[in-house]
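**Q** With positions in the sequence shown counted from 1, the corresponding number in our numbering is that position plus 929.
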Amino acid sequence: MEQGEKKKELVEKFKQEYELRKKKIHDISIVLFCIAIGLAITAVVVGAGGGGLYTGFHIGSFLGALFAGMGAGAAFMIGICIYASGKADTLVPYIKKRLRQVELSNTDNLMRAVDDEEETGDAEKPGSKSSEKVIIKEIVKVRCPYCRALVDVSEPICTECGGTL
C-alpha cells in the first residue's frame, strides 16, 4: 500500500509541475504576441515615413519597415508555435516519462533494468514466437556445430567460422 500512495503523491506532484510548465508556456506566447503587435505598429509608423504622408520615400524608412515587419511575422509565428505546443494534451505522456525517470534514478532499479536487458539479450522474450526461415537450394548441406551456419557436405571446414565439420 505504501508504494501505491507514494506513486499517487508523485503523480500529483507531476500534475502540478505540468500545470506550472503549461502556464509558463502560455505566458511566453502572450509576450511574443505583444512583441509581434509592437513590431507591426513600428513597421506601419516607419513605413509611413515617420513624419507624415508628405515626407517622400526614403530607402532607410523602407528597410526599417521591412525589418520590423519581418520581426513581427517571426515573433507572431514563434508565439503561435509555442501556444500550440502549450495547448497540446500531453499530460499522460509527461507523467509517464517523469515516473520512468524517477524509477530509473534509483540505482537498484537501474541495475535491475540493465540485468534484465542482459539476461534476455538475443534470447527469446516471454510471449514472443521465434521462427527461423532457411531456404535450402541444395539438399546436401549440414549445420556447423559451432556457428550453426549451413555448409556443403563436401567442404571440410565451415565457411563462416572456420571450424572443422
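Glycine included, every Cβ here is placed at the ideal spot set by N, Cα and C.
Note that the structure is predicted; figures quoted are calculated from it, not measured.
1) Taking DSSP as the reference, what is the three-state secondary structure of residue 1094?
2) May I have the straight-line CA-CA distance separating residue 903 from residue 1069, to the nearest angstrom?
3) Quick check on residue 965: buried or exposed, where buried means 16 or more other Cβ atoms within 10 Å of its Cβ?
4) In angstroms, rounded to a whole number, what distance separates the CA positions of residue 1095 and residue 1092?
5) Taking DSSP's pairing of strands, which residues face residue 1071 in a bridge?
6) Could you check the C-alpha separation between residue 1001 and residue 1019 for me, to the nearest Å?
7) Would residue 1021 be called buried (16 or more neighbouring beta carbons within 10 Å of its own) or exposed?
8) Classify residue 1014: buried if its beta carbon has 16 or more other beta carbons within 10 angstroms, exposed otherwise.
9) Using the beta-carbon count (16 or more within 10 Å), is residue 1011 buried or exposed?
**A** According to the structure shown:
1) Residue state, collapsed to three classes: coil.
2) Any property of residue 903 remains undetermined from this structure, which presents the chain solely from 930 to 1094.
3) buried
4) The chain is shown from 930 up to 1094; residue 1095 falls before or after that span and cannot be answered.
5) 1080
6) 29 Å
7) exposed
8) Burial call: exposed.
9) buried
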